[in-house]
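Its first residue numbered 71, the sequence shown is counted upward by one per residue in our numbering. Note that CB positions come from ideal geometry on N, CA and C, so glycine has one too. Encoded as structure tokens, the structure appears first; notes follow it.
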Amino acid sequence: MTQKSSASAVIVPINPTSTCNSTAKQSTSKVISPQPPSSASADKSPHAISDDEYDDSASESDYYFFNSQREVKKYQEKYPKKLQLVRLKVSEQEENLKLQLVQLELSEQEENLKLQRHELKRIGEALVIGI
């Protein structure tokens, strides 16, 4: 019996110690393909980093892209703090985007009010001249 795996867009860090000032280190992106479960491969994971070593300033090139929900679940069980930080960053970005949208809407409304005020002044002046 074959098991279908669906592609996921879950991103998690692989190089938590990278910094922008580091020229000696090279950040690499890795794509993990689904593999049959084995206890030996789980212990020798290339991204075996303790939660204490996690640096939330990692760049986009420092993240894994998982190909199945099973891989994501394994990683979640092994490194829960890292995924919480990734979710926190995503929610912060969403909140920032919402604020930017509100600011844009407010500036558009302000511009519309200025145009309406100018139009009312023009109509008022025309009425005064007509009387």
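Do the CB positions of residue i and residue j come within less than 9 Å of each other?
i	j	result
Gln146	Leu153	yes
Looking only at its chain, what residues have a beta carbon closer than 7 Å to the beta carbon of residue i, apart from the 5 residues adjacent to it on each side?
i	result
Ala196	none
Would you kindly work out how many angstroms separate the C-alpha atoms of residue i and residue j, rounded to a whole number?
i	j	result
Glu189	Leu174	23 Å
Val160	Glu178	27 Å
Gln163	Gly194	46 Å
Arg187	Glu165	33 Å
Leu183	Leu158	37 Å
Gln139	Lys151	18 Å
Lys148	Asn137	17 Å
Lys191	Leu176	22 Å
Glu180	Lys143	48 Å
Ile199	Val172	41 Å
Near residue i, which residues of its chain fall below 8 Å by C-beta distance, leaving aside the five closest residues on each side in sequence?
i	result
Leu185	none
Enumerate in chain order the residues of its own chain whose CB-to-CB distance from residue i is below 6 Å, with the five nearest sequence positions on each side excluded.
i	result
Leu169	none
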